[in-house]
Structures are given as structure tokens and as C-alpha cells.
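Visitor: Those protein sequence lines, which keep their order, are chains F and C. Sequential numbering from 1 applies to the first sequence in my numbering. Sequential numbering from 1 applies to the second sequence in my numbering. In this text, a Cβ means the ideal position worked out from N, Cα and C, and glycines have one as well. Shown below is the structure under consideration.
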Amino acid sequence: MSLRLLQRPSGYIGWLLAGVLLLLQSGCASYSRNFEQEIQTLASQDPAAALDALEKQHHPERNRLLYHLNKAMLLHMLGDYAASNTEFEQAKAVIQQYQATSISEQGAAFFINDGTRTYVGSSLEQLMLHVYAAINYLLQNKVDEARVEALQIDVRLRQLQEDKPDSILSIDPFVRYLTGLIYEQLGEYDNAMIAYRKAYNAYLEHQKAYGINVPRFLKQDLLRFSRQLGLTEEYNKYRTRFNTEARQIDREQAELIVLFHKDLAPIKRSRRIAQMDPRTGYLVHFALPVYEPRNSQLSHARVVVEQQRINTERMEDISGIALRTLDQSMPAIMARALARAVIKYKMSRQVGEDNGLAGLVMNIAGVVSEQADTRSWLTLPGEIQMARVTLPPGDYNVELELIGRAGQVTAIRQLGRISLTRGSKRFLSYFMVPGLPNNEALE
Amino acid sequence: MQYGNFRSLSLLLGGFALILGLGGCGTQVERLEPEEVRDLSGAWNDTDSRLVSEEMISDMLSRPWVDDFKRRTGKQPAVIVGTVRNLSHEHINTNTFVNDIQRELTNSGRVTFVASSQEREEIRDERLDQDIHASAETRKAMGQEYGADYMLSGQINTIIDMEGRTQVRYYQVDLTLISLVDNRKAWVGQKKIKKEVVNSKLRF
Numbered sequence: 001m002s003l004r005l006l007q008r009p010s011g012y013i014g015w016l017l018a019g020v021l022l023l024l025q026s027g028c029a030s031y032s033r034n035f036e037q038e039i040q041t042l043a044s045q046d047p048a049a050a051l052d053a054l055e056k057q058h059h060p061e062r063n064r065l066l067y068h069l070n071k072a073m074l075l076h077m078l079g080d081y082a083a084s085n086t087e088f089e090q091a092k093a094v095i096q097q098y099q100a101t102s103i104s105e106q107g108a109a110f111f112i113n114d115g116t117r118t119y120v121g122s123s124l125e126q127l128m129l130h131v132y133a134a135i136n137y138l139l140q141n142k143v144d145e146a147r148v149e150a151l152q153i154d155v156r157l158r159q160l161q162e163d164k165p166d167s168i169l170s171i172d173p174f175v176r177y178l179t180g181l182i183y184e185q186l187g188e189y190d191n192a193m194i195a196y197r198k199a200y201n202a203y204l205e206h207q208k209a210y211g212i213n214v215p216r217f218l219k220q221d222l223l224r225f226s227r228q229l230g231l232t233e234e235y236n237k238y239r240t241r242f243n244t245e246a247r248q249i250d251r252e253q254a255e256l257i258v259l260f261h262k263d264l265a266p267i268k269r270s271r272r273i274a275q276m277d278p279r280t281g282y283l284v285h286f287a288l289p290v291y292e293p294r295n296s297q298l299s300h301a302r303v304v305v306e307q308q309r310i311n312t313e314r315m316e317d318i319s320g321i322a323l324r325t326l327d328q329s330m331p332a333i334m335a336r337a338l339a340r341a342v343i344k345y346k347m348s349r350q351v352g353e354d355n356g357l358a359g360l361v362m363n364i365a366g367v368v369s370e371q372a373d374t375r376s377w378l379t380l381p382g383e384i385q386m387a388r389v390t391l392p393p394g395d396y397n398v399e400l401e402l403i404g405r406a407g408q409v410t411a412i413r414q415l416g417r418i419s420l421t422r423g424s425k426r427f428l429s430y431f432m433v434p435g436l437p438n439n440e441a442l443e
Numbered sequence: 001m002q003y004g005n006f007r008s009l010s011l012l013l014g015g016f017a018l019i020l021g022l023g024g025c026g027t028q029v030e031r032l033e034p035e036e037v038r039d040l041s042g043a044w045n046d047t048d049s050r051l052v053s054e055e056m057i058s059d060m061l062s063r064p065w066v067d068d069f070k071r072r073t074g075k076q077p078a079v080i081v082g083t084v085r086n087l088s089h090e091h092i093n094t095n096t097f098v099n100d101i102q103r104e105l106t107n108s109g110r111v112t113f114v115a116s117s118q119e120r121e122e123i124r125d126e127r128l129d130q131d132i133h134a135s136a137e138t139r140k141a142m143g144q145e146y147g148a149d150y151m152l153s154g155q156i157n158t159i160i161d162m163e164g165r166t167q168v169r170y171y172q173v174d175l176t177l178i179s180l181v182d183n184r185k186a187w188v189g190q191k192k193i194k195k196e197v198v199n200s201k202l203r204f
């Protein structure tokens, strides 16, 4: 039988096709599964080991962005902020290089799966790249450089507004707040006011979408600057709305700003779906990405300095935004997956008419190669929280209490000793990676 | 009919497989002259830095403040470089073109430069070290530093306008020379650069 099969030209081509499909799919194993090792080491709060594991892995060119993003985040956790930003710059270069749609990759994605395309990140990830780069500069006290990131954020948001006007991301609140903080630190109060105002409007929008509150600091910032800049009408509006007065900042005091990065952004998994194609009536199988949350039992953190205890507040719900943005792009992903499944099925049937076995192999290859694109920035936190603490100049020990959902202190972390001079602002950052979220899912 | 249809399909697929395989071509290196203009991403590059510094230098030396100062004091003006702030939307290394300006001006022989604050620290350390270790005749005394007459500082600003894939980037570099005696501005230089960057929608 195999001899007869080899004698027929179409048999060759059928086998060839099946072989090509099988070969190509070997490199497309689900990305999120490949990276589980790192997540496990991360869970034990050992970013150095995770970095080691990341370096040892093979990273195909199409996933290079993720390599830079993950490496940058691990370096951030290790406190090497300068090296972290070198990686972020390389990540930006990858996005710049590959942001145009590739004709050849689109073709491959159409026949094999979406994972064969070069990854340029979701809009959320592209935005968060700038956010963490800016945070890295602030942590190094390079405020002018952080300002550069603030301007790049502005360009990115304008692009988003143009490309996807309906996206909730184009009015991201924390990003605006962060740029306001940078302008404030440089004494550009008018720019800071504009950014805070935009942040406030964005928080109101996001509150409607998935229930994040307007942070207390933002209310104070709006009151302070609207009064300082002489915007009386606006000041009165905020005063009645927030039911509080502006607390004047004492120029003799210093400020400590603690950023608390909680949990991890949700991970994408591939889920198989069988569906009838409405046009051809074929029952086809295809895979779609679904998000799996990676949240811990933590609620927030409490900054302890001397006698002061300040709770961190939720500034950005990255998980919430990720879920919403995936929902928004789902119809397009689904249409593509369905079209691809139908093509693969048709091909295997055509081959099968000439040669039954080759057709069967084709069909299997088609089903096996069908994988959802599960690539995402896996070391991105699920939530960003923040606390601003006003202190007189001096040296302080900073402690962070991690608070569980029931309000109990689950752990205490030392953030080290800082020295504050008059009128200065110091940033500290702590990333809390949760333990393994769901053991069954990782098996 | 069925067969032909299938063959064209397989050709198409084979073509894509080939395209995929072509991905990893070898590294190519081409040597360039430093003066050659090669714009890649549209970001601030060496050409911009060079154009700005050249223009600033020729402008600065053609102005009357140098001769005025010489006539008044009989000395060459001593200049110190302060900070050139990067207020643009790109991470620009301002040191390269500040160094260009400094070199050209020093070499012109009409202006002297004194060491910047960071450089001074290092030299003071060395002088302190000499005080203990160097012989009396080669030792350099402290308190003999040459105080600058002017400070050069400035900033780089950008404005970006965009629509779709097209961006217009406008850079403005401002340098100011301020007299350390009375805070008067002796010279103000400005250079503008405008670029249009079009990002392609498609790549191979």
C-alpha cells in the first residue's frame, strides 16, 4: 500500500504538506506553558533564579519582545533599574521594528496558527512598558529621563485613541497620574494639573467599567493644584465633590512614595472549541485564548515609617483591563480561528480524496497545529498600588506589612533604610508575586 | 479540476514555508563615514547632534560677545558647561554634542573652558593627593582654580504631531550663555530640526 502511495504524485504532495505542517507546529507549543518554570521560581520570591532560567531558555526571534520584557521586569525586581531600562529600550526597538503587519507572517498565521506571528505586545503591554521604564527612572532619581517616558506615553495614548477609540486603554488613569507625578516633581505644575485632571476623568470612566475608585491622593492633588494655579471655579467644584479642603504641602517636608506591585497579570491558556462553520456546514475544531487569573489572597500593603502607617491604594487594575481588552479583541480572534480551521479541514479532505492516509495525517496535523496564541507578558503584575507618605527630612527605616483579604497582616517586608532631604521625593518599589495560583491548571 | 485546485493550494503553502525558512539571514556590516547621513528610525541621531553643534559653534563665535569681553578685560572669556536638559520625548545623550561644542570652541583659541563640576571633583581629589605625596616643586597648590566668566546651558524640546502612520517631529535646541557676574545673557543660540517620519503599514 505504501508503495502504491509513493508512486502517485499527489501522494507525495499530500505527505509533504502534512510534514510541513507538523514540522512548523513543533516550534509553536503554547508559550505560557513554556514559561511555567520561571513562574514557579518567581513564586518563591527568587527573581535571580528566574532570570537564570530565562537566560537558559531558547527565544525565537518572534518572541524576542517577551524575552526583553520579562528580563526587564526581573531586573526591576532585583533592584537593577538601569539594566532593566536597557532591556525596555530593546523591547521598544522590537516593537518599532515589527509593528507593521507582515505579509508572510499573516500568511503563516492563516495556515498554521496565530502564534507564528512576531509578537509586538498588546496595547496594554506596550503602555505598561513605558510605565515601568518611567518608574525605573524615578527609582534612580532621574526625573528628566522619566519625563521622556511621560512624553512617550502621551504619544502612545494618542496613537491608541486614533487606532482604537473605543478601547478603555486610551484613557488609562494610572498612566496619566504617573505623568502628573513626574511633572509635579519637575515643578511643571500646569502640566501636572492637566495630567491629574485627565487621570481623574479616566478613573471615573474606569470606575464604571470595572469598579476602581478614584485614589485619595489624586483628590488632594487636584485640590492643591487647582488652588495653586488659581483655578477657583474648578477648586470649588472639587471641594464640594470630594467634601474636603486642600492640605497645603509643607516645603520643609519630604515625601516617600511607595509603589506596591501585587500579584501577576492573568495568564493566557489555549482552549479547544468545536463549532459548526455556518457557511460550509463543516464541524471544525479550533483553539481560542482564555485568561486564567493569578491573584493571591492579598488585599493591599501598609507602609510603616516611624509612627506613620499608610495603606497603599489601588491605582491600576492591570488584570481587569487585560480581561476587558481580550474580550474586545475576541470576535476578531474567533473569526480568524474559524476561517483557519475550515481551510485546514478542506485541505485535508482534498488530499484525502486522492489518498486516504495522507488526508488523515493532514487532518491530524491540522488539528495538532491549531493552538491559540497564548503569548503575554507573564511577569507583569496584576495590580499597581501606591502610598504617599509625607515625612520631615531625616533617615528612616521603611517597612511594608502585607495585608490579607480579611484585614490581617500576612507578612512583613523590610524595604531598607532611606534618607530624605528637605523638599525631596523618594520612590521605593516592591513587587509581591503570589504563590502558585492554581496547581491543577499547571499540571 | 480538483487536482489543479489542490496543486495551486500546495504551491501556495510551500511558498509560505519557504518564506518562513528565509527568516534568519546572516548579519551584514557596512562601514559608514561619520559625516554620512543615514536616517533609520527617525529618532534623534548622530547627524542631528553634529548639525546642531556645528551651527551653534559658528553662530556663537560670530557674535560680538567674545570681542566685547576681550576689549573690556583684556582676557579670553572662560566658559563652563552647565546642564543641557533633555525635555524631548526621546532619550537623547546630550553629552555628545556638548562635547562637540566644547571641543570646537576650545580649539578655536578664542574661548577657554574650565572643567565641569564633576571633573573638578576628580581634579581636587588629585590635588589633595599631591599635597601629601608629590614633591614640593611639582606640587600644585589649592585655591588657584580659574573661575569661569560665563555658563553655557540649555535644553532640547520636541513637538510631535501625527496622523495615522505619519509623524512630524520638530526639535528645538536652545543654548544660553549667561554671565556669572551679573546673570546677563551674553548669547542665545537656537537650532531647529524638522522631520517627517512615515511608518509603513506592511512589511514582508
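Using a Cβ-Cβ cut-off of less than 8 Å, give me the residues of the segment 73-88 of chain C that come near chain F, in sequence order.
Guide: R85, N86, L87, S88
Visitor: Let's test the definition: count the other Cβ atoms within 10 Å of the Cβ of H130 of chain F and tell me whether it reaches 16, buried, or not, exposed.
Guide: In the first sequence, the residue the question calls residue 130 of chain F occupies position 130. Per the 10 Å Cβ criterion, buried.
Visitor: In chain order, what residues of the same chain lie with their CB nearer than 6 Å to the CB of P47 of chain F, ignoring the 5 residues before and after it?
Guide: On the first sequence, position 47 is the one that residue 47 of chain F refers to. Cβ within range, chain order: L74, M77, L78.
Visitor: Taking the Cβ atom as the reference point for each residue, do Q102 of chain C and V84 of chain C lie within a distance shorter than 8 Å?
Guide: Start at 1 with the first residue of the second sequence, and residue 102 of chain C comes out as number 102. Start at 1 with the first residue of the second sequence, and residue 84 of chain C comes out as number 84. Using a Cβ distance threshold of 8 Å, Q102 of chain C and V84 of chain C do not count as a contacting pair.
Visitor: Using CA coordinates, which residue listed in C:M151, C:Y170, C:S153, C:T166 is at the minimum distance from I160 of chain C?
Guide: Position 160 of the second sequence, counted from the start, is the residue given in the question as residue 160 of chain C. Sorting C:M151, C:Y170, C:S153, C:T166 by C-alpha distance to the C-alpha of I160 of chain C places C:Y170 at the top.
Visitor: Under 8 Å, with one C-beta from each stretch per pair, do the segment 331-340 of chain F and the segment 420-435 of chain F reach the 3-pair mark?
Guide: no
Visitor: Tell me whether R224 of chain F sits in a helix, a strand or coil according to DSSP, three-state version.
Guide: Here residue 224 of chain F refers to the residue found at position 224 of the first sequence. R224 of chain F falls in the helix class under three-state DSSP.
Visitor: So, helix, strand or coil for Y170 of chain C, using DSSP?
Guide: If you number the second sequence from 1, residue 170 of chain C lands on position 170. Y170 of chain C falls in the strand class under three-state DSSP.
Visitor: Straight-line CA distance for Y177 of chain F to L169 of chain F?
Guide: Locating residue 177 of chain F in the first sequence gives position 177, where the first residue counts as 1. Locating residue 169 of chain F in the first sequence gives position 169, where the first residue counts as 1. Looking at the two C-alpha atoms, the distance is approximately 14 Å.
Visitor: Going by the beta-carbon positions, is the gap between V168 of chain C and K194 of chain C smaller than 8 Å?
Guide: Position 168 of the second sequence, counted from the first residue, corresponds to residue 168 of chain C. Position 194 of the second sequence, counted from the first residue, corresponds to residue 194 of chain C. Yes, the Cβ-Cβ distance between V168 of chain C and K194 of chain C is below 8 Å.
Visitor: With a CB to CB cut of under 6 Å and the five nearest residues on each side skipped, what residues in its chain are close to Y203 of chain F?
Guide: Against the first sequence, residue 203 of chain F aligns to sequence position 203. Non-local C-beta neighbours of Y203 of chain F in its own chain, meaning closer than 6 Å and more than five positions away in sequence, comprise P173, V214, ordered along the chain.
Visitor: Give a yes or no on whether the minimum CB-CB distance between T147 of chain F and chain C is below 8 Å.
Guide: For the purposes of this step, residue 147 of chain F is taken as residue 147 along the first sequence, with counting starting at 1. The question names Thr, but residue 147 of chain F is Arg in the sequence shown. Chain C contact via Cβ: present.
Visitor: List the residues of chain C whose Cβ lies closer than 9 Å to the Cβ of V155 of chain F, in chain order.
Guide: Taking the first sequence and counting its residues from 1, the one referred to as residue 155 of chain F is at position 155. Chain C residues near V155 of chain F: H89, I160, M162, Q167.
Visitor: If I measure Cβ to Cβ from V98 of chain C and keep anything under 6 Å in the same chain, skipping five residues before and after, which residues do I get?
Guide: Position 98 of the second sequence, counting from 1, holds the residue named residue 98 of chain C. Same-chain partners within the cutoff: V81, V84.
Visitor: Check whether the Cβ atoms of G115 of chain F and Q371 of chain F sit closer than 8 Å, and answer yes or no.
Guide: Locating residue 115 of chain F in the first sequence gives position 115, where the first residue counts as 1. Locating residue 371 of chain F in the first sequence gives position 371, where the first residue counts as 1. The Cβ atoms of G115 of chain F and Q371 of chain F lie closer than 8 Å to each other.
Visitor: Around the C-beta of A148 of chain C, are 16 or more other C-beta atoms found within 10 angstroms, so that it is buried, or is it exposed?
Guide: Mapped onto the second sequence, residue 148 of chain C falls at position 148. The residue is buried, with at least 16 neighbouring Cβ atoms inside 10 Å.
Visitor: I believe T390 of chain F touches Q253 of chain F by the beta-carbon criterion, under 8 Å. Please report the beta-carbon distance rounded to the nearest angstrom.
Guide: Taking the first sequence and counting its residues from 1, the one referred to as residue 390 of chain F is at position 390. Taking the first sequence and counting its residues from 1, the one referred to as residue 253 of chain F is at position 253. Under the criterion of beta carbons closer than 8 Å, T390 of chain F and Q253 of chain F qualify as touching, at roughly 5 Å.
Visitor: Please name the residue, chosen from C:I156, C:H89, C:R127, that lies closest to Q144 of chain C on a Cα-to-Cα basis.
Guide: The sequence position of residue 144 of chain C within the second sequence is 144, counting from 1. If we check each option's Cα against that of Q144 of chain C, C:R127 comes out closest.
Visitor: If you draw a straight line from the C-alpha of Q408 of chain F to the C-alpha of Q328 of chain F, how long is it?
Guide: Locating residue 408 of chain F in the first sequence gives position 408, counting from the first residue. Locating residue 328 of chain F in the first sequence gives position 328, counting from the first residue. Going by the C-alpha atoms only, they are around 37 Å apart.
Visitor: Helix, strand or coil: which one does DSSP assign to G394 of chain F?
Guide: Stepping through the first sequence from its first residue, residue 394 of chain F is reached at position 394. Correct three-state label for G394 of chain F: strand.
Visitor: How about S26 of chain F: is its C-beta nearer than 8 Å to some C-beta of chain C?
Guide: Residue 26 of chain F sits at position 26 when you count from the first residue of the first sequence. Caution is warranted here: a pLDDT of 47 is assigned to S26 of chain F, below 50, making its placement in the model unreliable, and no coordinate value can be reported.
Visitor: Where do the N-terminal and C-terminal ends of the alpha helix (DSSP H) with G366 of chain F fall, by residue?
Guide: Here residue 366 of chain F is taken as the residue at index 366 of the first sequence, counted from 1. Here the alpha helix (DSSP H) through G366 of chain F covers 356-369.
Visitor: Applying the 10 Å Cβ sphere with the 16-neighbour rule, what's the burial state of H206 of chain F?
Guide: Along the first sequence, one-based indexing puts residue 206 of chain F at 206. H206 of chain F should be labelled buried.
Visitor: Is there a Cβ from chain C that is less than 8 Å from the Cβ of A341 of chain F?
Guide: Position 341 of the first sequence, counted from the first residue, corresponds to residue 341 of chain F. A341 of chain F does not count as touching chain C.
Visitor: Is the Cβ of Q90 of chain F closer than 8 Å to any Cβ of chain C?
Guide: Stepping through the first sequence from its first residue, residue 90 of chain F is reached at position 90. Taking Cβ atoms only, chain C never reaches closer than 8 Å to Q90 of chain F, which makes this a no.
Visitor: Got a sec: is the Cβ-Cβ distance from S104 of chain F to anything in chain D below 8 Å?
Guide: Included in the structure are the protein chains F and C, with no chain D among them.
Visitor: If I measure Cβ to Cβ from L402 of chain F and keep anything under 6 Å in the same chain, skipping five residues before and after, which residues do I get?
Guide: Along the first sequence, one-based indexing puts residue 402 of chain F at 402. The answer, listed in chain order, is L298, A301, T410, A411.
Visitor: Indicate whether F427 of chain F and I318 of chain F have their beta-carbon atoms separated by less than 8 Å.
Guide: For the purposes of this step, residue 427 of chain F is taken as residue 427 along the first sequence, with counting starting at 1. For the purposes of this step, residue 318 of chain F is taken as residue 318 along the first sequence, with counting starting at 1. It is not a contact, given that the beta carbons lie outside the stated cut-off.
Visitor: Would you say F204 of chain C faces chain F, with C-beta separation under 8 Å as the test?
Guide: Indexing the second sequence from 1 puts residue 204 of chain C at position 204. Closer than 8 Å: yes.
Visitor: In the DSSP assignment, find the unbroken beta strand (DSSP E) run with K164 of chain F in it and report its ends.
Guide: Working through the first sequence from its first residue, we reach residue 164 of chain F at position 164. Looking at the DSSP string, K164 of chain F is not in any beta strand (DSSP E), and its letter there is neither H nor E.
Visitor: By the 8 Å beta-carbon criterion, what residues does the segment 101-129 of chain C contribute toward chain F?
Guide: none
Visitor: Do Y119 of chain F and L160 of chain F have their C-beta atoms closer together than 8 Å?
Guide: Here residue 119 of chain F is taken as the residue at index 119 of the first sequence, counted from 1. Here residue 160 of chain F is taken as the residue at index 160 of the first sequence, counted from 1. Not closer than 8 Å, so no.
Visitor: Going by other Cβ atoms of all chains shown within 10 Å of its Cβ, with 16 needed for buried, is Q350 of chain F buried or exposed?
Guide: Sequence index remark: in the first sequence, residue 350 of chain F carries index 350 (1-based). With 16 or more Cβ atoms within 10 Å of its Cβ, Q350 of chain F is classed as buried.
Visitor: Output the distance between the C-alpha atoms of V398 of chain F and A387 of chain F, rounded to the nearest integer angstrom.
Guide: Residue mapping note: residue 398 of chain F aligns to position 398 of the first sequence, counting from 1. Residue mapping note: residue 387 of chain F aligns to position 387 of the first sequence, counting from 1. The straight-line gap from Cα to Cα measures roughly 12 Å.
Visitor: Between G320 of chain F and Y210 of chain F, what straight-line distance do the alpha-carbon atoms span, to the nearest angstrom?
Guide: For this step, residue 320 of chain F is matched to residue 320 along the first sequence. For this step, residue 210 of chain F is matched to residue 210 along the first sequence. The alpha-carbon atoms of G320 of chain F and Y210 of chain F are separated by roughly 7 Å.
Visitor: Taking Cβ positions, are W187 of chain C and R63 of chain C nearer each other than 8 Å?
Guide: As a position in the second sequence, residue 187 of chain C is number 187, starting the count at 1. As a position in the second sequence, residue 63 of chain C is number 63, starting the count at 1. Going by C-beta atoms, W187 of chain C is nearer than 8 Å to R63 of chain C.
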